[in-house]
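Enquirer:
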Amino acid sequence: MAIEDMNTTGMETSADMIMPLPLTEEQIENLTDENYTMEVTDIEFSSLEDAVTDATRRGSNIFPNNPLFPNNTPNITVIPIIPGVTRFSYIRYLNASPSTGPIDIYVNGRKVASYLNYRAFTEYMKVFPGYYRIVVFRAGTIRNPISVSRMNVIANRIYTAAFINNGTGQEWEFITDTRRVLNPNRAFVRFIQLSANAPLLDVYIDNRLVLTDLDFQEVSRYLSLAPGRHNLKLKVAASARVILEDPDMTLQEGKAYSVYIVGDMADRVGLQVLIPLEGTTYLSL
């Protein structure tokens with residue numbers, strides 16, 4: 016069954032996805048430097064067929080006889096996405112490294128983000144559970160990667176993968192949205208500290224202390240707030256020194272947000288906050 020045959024049915028398949036198919040942990044280990052920007056479907060792996068078949072059967076047993084590799088050609092592998100049956104997750108990427116500049120992101124050899132600027136997010140992308148290698152290059156280049164790492168995606172989760180500077184180099188911080196029933200009369204917000212050289216922070220909303228000692232790479236609990244406009248202040252912990260203020264943090268009822276704290280305290284711009292809507296507000300798994 017070719018890709019064209021699957022798509023004429025109107026069913027969403029892996030061919031429609033930006034993210035590539037997953038690999039096994041062993042296959043990730045066998046990837047070489049020369050494969051950073053080569054699609055994994057072009058790489059000869061003796062067990063790749065079994066791995067993808069197993070992943071598909073975990074997601075759906077409706078097509079146990081579906082020929083995933085017609086004519087032994089892995090580059091036309093198709094996995095159907097059946098609502099309520101196929102297991103998958105969502106992921107988006109954030110460039111939170113202030114010194115890196117725009118980046119290109121390759122996952123298992125496929126470019127999934129191009130010229131992702133500092134403070135920019137991608138859209139959420141569907142992704143199957145399994146192992147992936149993430150390679151980051153300065154935008155427009157394919158040599159001397161900034162970062163090479165891996166991730167293990169678990170089914171039925173919503174991720175934000177934040178590319179951060181940890182003070183000595185770059186790494187990925189994987190943040191999971193908490194799936195929750197959202198009160199239609201309240202807004203939910205949490206705080207995520209991604210600035211390596213920021214001090215411990217106290218968080219004030221409308222001049223009320225709501226969080227203390229927020230540290231680098233810490234993800235706070237959710238706060239339930241009245242919808243509308245709020246004043247946000249970040250202060251050096253246990254002091255009156257305000258290092259960032261946003262007098263117009265606007266939250267809508269029935270929605271969940273994350274406040275990402277990014278930036279370099281040594282830079283004249285200092286800290287900034289990003290307040291995107293969380294996928295748990297509108298994505299279905």
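Every letter in the sequence shown is one number past the one before it in the numbering used here, and letter 245, counting from 1, is 260. Even for Gly, the Cβ is constructed at its ideal location relative to N, Cα and C. Quantities reported herein were computed from a predicted structural model and do not represent experimental measurements.
For Val257 versus Leu238, is the C-beta distance shorter than 8 Å?
Expert: It is not a contact, given that the beta carbons lie outside the stated cut-off.
Enquirer: Give the DSSP-derived three-state secondary structure of Gln208 in the structure shown.
Expert: DSSP places Gln208 in strand when its eight states are reduced to three.
Enquirer: With a CB to CB cut of under 6 Å and the five nearest residues on each side skipped, what residues in its chain are close to Asn159?
Expert: Contacts found: none.
Enquirer: Looking at the unbroken alpha helix (DSSP H) that takes in Asn123, where does it start and where does it end?
Expert: Premise fails: Asn123 is in no alpha helix (DSSP H) and is neither H nor E.
Enquirer: Residues in the same chain with beta-carbon distance under 6 Å from Asp31, minus the five sequence neighbours each way, listed in chain order, please.
Expert: Correct list: empty, nothing qualifies.
Enquirer: Starting from Gln42, trace the alpha helix (DSSP H) in both directions and tell me its first and last residue.
Expert: Its alpha helix (DSSP H) spans residues Glu40 to Asn45.
Enquirer: Quick check on this structure: which residue in Thr191, Val163 and Val277 has the alpha carbon closest to the alpha carbon of Leu216?
Expert: The shortest C-alpha separation from Leu216 is found at Val277.
Enquirer: Report yes if the CB atom of Ser162 is closer than 8 Å to the CB atom of Tyr133, and no otherwise.
Expert: Result no, Cβ atoms of Ser162 and Tyr133 do not sit closer than 8 Å.
Enquirer: To which residues of the same chain is Asp261 closer than 7 Å at the C-beta, ignoring the five residues directly before and after it?
Expert: Correct list, in chain order: Leu247 and Val288.
Enquirer: Any idea what DSSP makes of Gly184, helix, strand or coil?
Expert: Reduced to three states, the DSSP call for Gly184 is coil.
Enquirer: Taking three-plus beta-carbon pairs below 8 Å as touching, is the segment 189-206 in contact with the segment 121-140?
Expert: Short answer: they don't touch.
Enquirer: Roughly how many angstroms lie between the CA atoms of Val251 and Asp119, to the nearest whole one?
Expert: Rounded to the nearest angstrom, the two C-alpha atoms are 34 Å apart.
Enquirer: Sorted by chain position, which residues of the same chain lie with C-beta nearer than 8 Å to Ala281's C-beta, five sequence neighbours on each side aside?
Expert: Around Ala281: Asn212.
Enquirer: Let me know the secondary structure DSSP gives Gly25 once reduced to three states.
Expert: Gly25: coil per DSSP, three-state reduction.
Enquirer: Would DSSP call Glu260 helix, strand or coil?
Expert: Note: Glu260 maps to strand in three-state DSSP.
Enquirer: Quick one: what's got a C-beta closer than 6 Å to Arg194's C-beta in the same chain, skipping five residues either side?
Expert: Once the five neighbours on either side are set aside, the close Cβ partners of Arg194 are Thr295.
Enquirer: Below 8 Å CB to CB, which residues in the same chain sit around Trp187 once its five sequence neighbours on both sides are set aside?
Expert: Counting only Cβ-Cβ distances below 8 Å, and skipping sequence neighbours, we find Ile149, Ser162, Ser164, Met166, Ala176, Ala177, Phe178 and Ile179.
Enquirer: May I ask you to list the residues that DSSP assigns as paired with Leu240?
Expert: Note: Leu240 sits in a beta bridge opposite Ala202.
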